[in-house]
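Asks: In full-length UniProt numbering, the protein residues as written are 1 to 693.
#1: For residue 430, I'd like the list of residues in its chain whose CB is within less than 8 Å of its CB, leaving aside the five on either flank, ordered along the chain.
#2: Would residue 108 and residue 75 qualify as a contact pair, given that the criterion is a beta-carbon distance under 8 Å?
#3: If I follow the unbroken alpha helix (DSSP H) through residue 655, where does it start and stop?
#4: Does any residue of chain C have a CB that is nearer than 8 Å to the CB of residue 47?
#5: Keeping to the same chain, check which residues put their C-beta closer than 6 Å to that of residue 531; ignore five residues upstream and five downstream.
#6: Can you tell me where the beta strand (DSSP E) with residue 412 in it begins and where it stops?
#7: Round the Cβ separation of residue 640 and residue 675 to the nearest angstrom and send it over; I've been treating them as touching at under 8 Å.
#8: Using alpha carbons as the reference points, say which of 652, 448 and 685 lies closest to residue 72.
#9: Can you say whether residue 7 is buried or exposed, counting buried as having 16 or more other CB atoms within 10 angstroms of its CB?
#10: Between the C-alpha atoms of residue 575 and residue 337, what's the straight-line distance to the nearest angstrom?
#11: DSSP on residue 69, reduced to helix/strand/coil?
#12: Which residues bound the beta strand (DSSP E) around residue 136?
#13: Below 8 Å between beta carbons: does that hold for residue 237 and residue 691?
#14: If you follow the alpha helix (DSSP H) that residue 16 is part of, which residue opens it and which one closes it?
#15: Using 8 Å as the threshold, is the C-beta distance between residue 157 and residue 192 below it?
#16: Would you mind working out which of 637, 494, 643 and 682 sits nearest residue 615, comparing C-alpha positions?
#17: Looking only at C-alpha atoms, which of 611, 613 and 603 sits nearest to residue 621?
#18: Would you list the residues sitting across from residue 554 in a DSSP beta bridge?
#19: Does the distance from the CB of residue 112 to the CB of residue 99 come in under 8 Å?
#20: Where DSSP assigns a beta bridge to residue 465, which residues make up the other side?
#21: Using three-state DSSP, classify residue 397 as helix, strand or coil.
#22: Would you mind working out which of 487, 239 and 555 sits nearest residue 566, comparing C-alpha positions?
#23: Is the CB-CB distance between residue 246 and residue 234 below 8 Å?
#24: Are residue 483 and residue 467 close, meaning C-beta to C-beta below 8 Å?
#25: Rounded to whole angstroms, what is the Cα-Cα separation between residue 597 and residue 626?
#26: Using the three-state DSSP reduction, which class does residue 753 fall into: helix, strand or coil?
#27: Indicate whether the contact test is met: 3 or more Cβ pairs, each with one atom in the region 138-146 and one in the region 189-205, closer than 8 Å.
#28: Would you give the residue range spanned by the beta strand (DSSP E) that residue 636 belongs to?
#29: Measuring alpha carbon to alpha carbon, tell me which residue in 309, 217 and 178 is nearest residue 225.
#30: Run through DSSP, which three-state label would residue 224 get?
#31: Does DSSP put residue 318 in a helix, a strand or coil?
#32: Grab me the residues of residue 305's own chain with a C-beta within less than 8 Å of its C-beta, minus the 5 sequence neighbours each way, in chain order.
#33: Can you give me the start and stop residues for the beta strand (DSSP E) that residue 683 sits inside?
#34: Buried or exposed: which applies to residue 227, given that a residue is buried once 16 or more other Cβ atoms fall within 10 Å of its Cβ?
#35: Output needed for residue 102: all residues of its chain with C-beta closer than 7 Å, excluding positions within five of it in sequence on either side, in chain order.
#36: Taking one C-beta from the region 504-522 and one from the region 163-172 each time, how about it: are there three or more such pairs within less than 8 Å?
Below, the structure is given as structure tokens:
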């Protein structure tokens with residue numbers, strides 16, 4: 001318990017800090033993991049009835065300024081001098097929270113899952129301050145007990161502190177972590193011992209209303225100017241110290257950051273991550289089920305084509321061994337497309353077994369309400385329901401060297417349409433130098449997950465991988481070594497349809513720059529007609545065979561420079577004996593800590609015989625981030641996409657006038673490049689306020 005009040009000002013002048021114990025003598029994680037850190041870090045912690053307090057003295061090892069990108073929240077870990085706290089308040093070595101800051105004071109917070117992954121889209125209410133001195137920078141924070149979840153009555157938490165110092169390129173941790181794992185690995189935490197169990201946060205209810213006003217106009221269809229005014233509310237109710245109920249009525253997500261576009265030369269649907277705050281807490285219970293290309297639940301399917309009217313979500317820990325999640329969302333109908341109102345229900349449960357492994361189950365139901373489609377109608381026909389049930393086992397050994405998953409899924413539809421089956425498994429071994437893995441999948445032709453992300457059906461897949469790294473005692477090279485992988489697909493009749501194989505060599509330099517080069521072999525026997533330019537041109541026939549060798553090189557520069565760059569090249573064969581040349585570049589310049597400039601470009605040149613000929617696609621995305629303070633932000637992002645013949649401008653102003661309370665102004669334009677005309681335009685003003693009862 002703090003022996004005096006604590007003021008969050010980045011100054012270590014309270015008696016509470018004089019009396020607090022000091023955690024020091026950090027261990028080096030990289031470049032070597034066999035010694036103490038050369039960069040000194042001192043950590044003090046304390047608490048009172050409402051807050052957990054943290055004060056960190058980050059000593060400089062070398063003279064010179066700190067290195068950061070900007071004051072932007074949830075910064076990129078490897079591009080900023082930073083300090084991070086990782087905590088496991090459930091004592092399950094799997095789930096937790098992370099808080100921290102870079103040397104300029106930009107905050108970082110995220111929810112931890114899968115033993116070491118951090119979801120930075122999670123956002124909560126806490127305060128911090130960074131103050132810089134000639135020989136150090138001090139980070140001080142107050143984290144309300146109401147902002148986190150933890151097991152009631154427990155007197156020990158897993159905890160680790162991570163420090164990245166870019167001048168020395170040293171990453172260190174209070175508890176030692178093998179260098180092949182991220183410093184966030186909860187398998188390697190130390191222990192925070194409470195003199196008394198953490199205080200009960202008491203009634204923990206947060207009401208988060210919003211009000212929104214906006215105007216928009218569709219110039220392309222000569223529409224009139226439309227105005228909108230909306231109100232809605234979210235609520236967070238802690239039923240216990242580790243179980244939370246989220247409620248939402250008439251939610252709006254217009255302030256969510258725009259997706260970064262990509263040129264699509266693939267035969268399958270692309271994936272874009274969820275960014276909406278309501279779906280994020282304990283989101284791994286729902287969205288983490290399955291694999292990246294076999295997800296029975298993908299929350300971006302909800303509200304994609306219809307407005308969300310209301311929803312409820314219960315998630316969290318029942319005790320050390322059990323986690324539960326239940327979600328129900330209701331959308332309204334859309335008269336223009338005759339889309340009926342729909343209800344979405346998802347239920348998940350997870351039981352820990354062994355040190356860090358677990359068994360999970362999921363149920364997903366999408367139901368159209370009061371809907372009886374006419375199969376002879378010219379209007380779109382939507383399914384009356386789609387259901388999925390699944391079971392999976394997630395393996396994670398106590399030392400994190402062995403990880404894996406095995407899962408089963410079954411889908412159900414009306415009149416047995418959409419009834420299908422999935423089974424998949426993988427196993428990974430990651431020791432100091434050697435990494436190898438095996439994954440196989442089976443997805444039946446009729447498997448259907450309308451609320452999921454399963455871009456491909458009707459296949460068997462096997463994917464072995466092996467990699468090796470040497471860690472030389474070098475002043476320039478941190479690690480280097482080869483990787484080899486082969487991904488083989490077969491259709492359900494056993495016919496070999498795809499082979500994507502590569503060998504690569506990777507070099508990671510002490511400066512944190514990276515170089516990799518790949519030799520790739522591709523084979524495809526088309527199972528459906530495909531236009532190799534994805535432009536609506538003539539399609540290649542089913543059953544045709546296509547072979548290609550290609551060479552790819554990737555490089556990312558050191559993050560310490562104010563000017564950073566990276567590039568990726570691809571040269572080689574393509575469909576129909578054609579050729580594909582790709583150049584991707586990422587340039588960045590910062591006037592730290594206030595302005596960050598970035599320019600991303602992708603150029604694709606496809607050379608084919610007639611009727612396709614030569615096709616060029618250019619994608620250009622300049623971006624400017626202005627962070628006037630760590631509570632006042634402006635972002636402008638322009639994306640010119642030649643493939644879809646569109647220029648998108650998105651600007652966003654955000655003022656965080658109180659913790660987790662914001663005012664947003666979002667302006668969006670879409671243009672037709674040639675001739676340069678406005679397609680549509682919108683302006684939104686949104687106010688949100690986080691109110692703790």
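In this text, a Cβ means the ideal position worked out from N, Cα and C, and glycines have one as well.
Replies: Once the coordinates are examined:
#1: In the chain shown, residue 430 corresponds to position 430, counting from 1. Excluding residues up to 5 positions away in sequence, 180, 181, 400, 401 and 403 lie with their Cβ nearer than 8 Å to the Cβ of residue 430 in the same chain.
#2: In the chain shown, counting from the first residue as 1, residue 108 sits at position 108. In the chain shown, counting from the first residue as 1, residue 75 sits at position 75. Yes.
#3: Taking the chain shown and counting its residues from 1, one reaches residue 655 at position 655. Boundaries around residue 655 are those of the beta strand (DSSP E), 646-658, since no alpha helix (DSSP H) includes it.
#4: Going by chain labels, chain C is absent from the structure shown, which holds only one protein chain.
#5: As a position in the chain shown, residue 531 is number 531, starting the count at 1. The answer, listed in chain order, is 537 and 539.
#6: Counted from its first residue, the chain shown places residue 412 at position 412. Looking at the DSSP string, the run of the beta strand (DSSP E) that includes residue 412 is 402-412.
#7: Here the question's residue 640 lines up with position 640 in the chain shown. Here the question's residue 675 lines up with position 675 in the chain shown. Distance from residue 640 to residue 675 at the Cβ level is roughly 15 Å; contact not present, criterion being Cβ atoms closer than 8 Å.
#8: Start at 1 with the first residue of the chain shown, and residue 72 comes out as number 72. Answer by Cα proximity: 652.
#9: In the chain shown, the residue the question calls residue 7 occupies position 7. When all chains shown are included, residue 7 counts as exposed.
#10: Locating residue 575 in the chain shown gives position 575, counting from the first residue. Locating residue 337 in the chain shown gives position 337, counting from the first residue. Cα to Cα, residue 575 sits roughly 37 Å from residue 337.
#11: Along the chain shown, one-based indexing puts residue 69 at 69. For residue 69, the secondary structure class from DSSP, reduced to helix, strand or coil, is coil.
#12: What you label residue 136 is simply residue 136 of the chain shown in a count that begins at 1. Start and end: 136-144.
#13: Translated into positions along the chain shown, residue 237 becomes position 237. Translated into positions along the chain shown, residue 691 becomes position 691. Between residue 237 and residue 691, the C-beta gap is not smaller than 8 Å, which leaves the two residues out of contact.
#14: By one-based count along the chain shown, residue 16 stands at place 16. Membership of residue 16 in the alpha helix (DSSP H) is indicated by the continuous run 15-19.
#15: What you label residue 157 is simply residue 157 of the chain shown in a count that begins at 1. What you label residue 192 is simply residue 192 of the chain shown in a count that begins at 1. Here residue 157 is near residue 192, since their CB atoms are less than 8 Å apart.
#16: Working through the chain shown from its first residue, we reach residue 615 at position 615. Distances from the CA of residue 615 to each of 637, 494, 643 and 682 were compared; the closest alpha carbon is that of 643.
#17: Translated into positions along the chain shown, residue 621 becomes position 621. When only C-alpha atoms are compared, the closest one is 603.
#18: Locating residue 554 in the chain shown gives position 554, where the first residue counts as 1. Paired residue(s): 516 and 568.
#19: Counting from one through the chain shown, the residue named residue 112 turns up at place 112. Counting from one through the chain shown, the residue named residue 99 turns up at place 99. No, Cβ-Cβ distance for residue 112 and residue 99 is not below 8 Å.
#20: Numbered from its first residue, the chain shown carries residue 465 at position 465. Note: residue 465 sits in a beta bridge opposite 437 and 485.
#21: Counted from its first residue, the chain shown places residue 397 at position 397. In the three-state DSSP reduction, residue 397 falls in the coil class, being neither helix nor strand.
#22: Mapped onto the chain shown, residue 566 falls at position 566. The alpha carbon of residue 566 has as its nearest neighbour, out of 487, 239 and 555, the alpha carbon of 555.
#23: Mapped onto the chain shown, residue 246 falls at position 246. Mapped onto the chain shown, residue 234 falls at position 234. Yes; because the gap between Cβ atoms is below 8 Å, this pair is in contact.
#24: Your numbering for residue 483 matches position 483 in the chain shown. Your numbering for residue 467 matches position 467 in the chain shown. One thing to note: residue 483 has its Cβ within 8 Å of the Cβ of residue 467.
#25: The sequence position of residue 597 within the chain shown is 597, counting from 1. The sequence position of residue 626 within the chain shown is 626, counting from 1. Approximately 9 Å between the Cα atoms of the pair.
#26: Given that the chain is displayed from residue 1 to residue 693, the structure contains no residue 753 and the question cannot be resolved.
#27: As far as the Cβ criterion goes, the region 138-146 touches the region 189-205, which means the pair count is three or higher.
#28: As a position in the chain shown, residue 636 is number 636, starting the count at 1. Here the beta strand (DSSP E) through residue 636 covers 632-641.
#29: For the purposes of this step, residue 225 is identified with residue 225 of the chain shown, where counting begins at 1. Comparing C-alpha distances from residue 225 to each of 309, 217 and 178 shows the shortest one belongs to 217.
#30: Taking the chain shown and counting its residues from 1, the one referred to as residue 224 is at position 224. Three-state result, residue 224: coil.
#31: Mapped onto the chain shown, residue 318 falls at position 318. When DSSP states are grouped into helix, strand and coil, residue 318 belongs to the coil group.
#32: Sequence index remark: in the chain shown, residue 305 carries index 305 (1-based). Answer for residue 305: 334, 337 and 339, listed in chain order.
#33: Working through the chain shown from its first residue, we reach residue 683 at position 683. Residue 683 -> beta strand (DSSP E) spans 677-688.
#34: Looking up residue 227 in the chain shown gives position 227. Exposed is the call here.
#35: In the chain shown, residue 102 corresponds to position 102, counting from 1. Within the same chain, residue 102 has close Cβ partners 68, 75, 80, 81 and 82.
#36: Touching, per the Cβ criterion.
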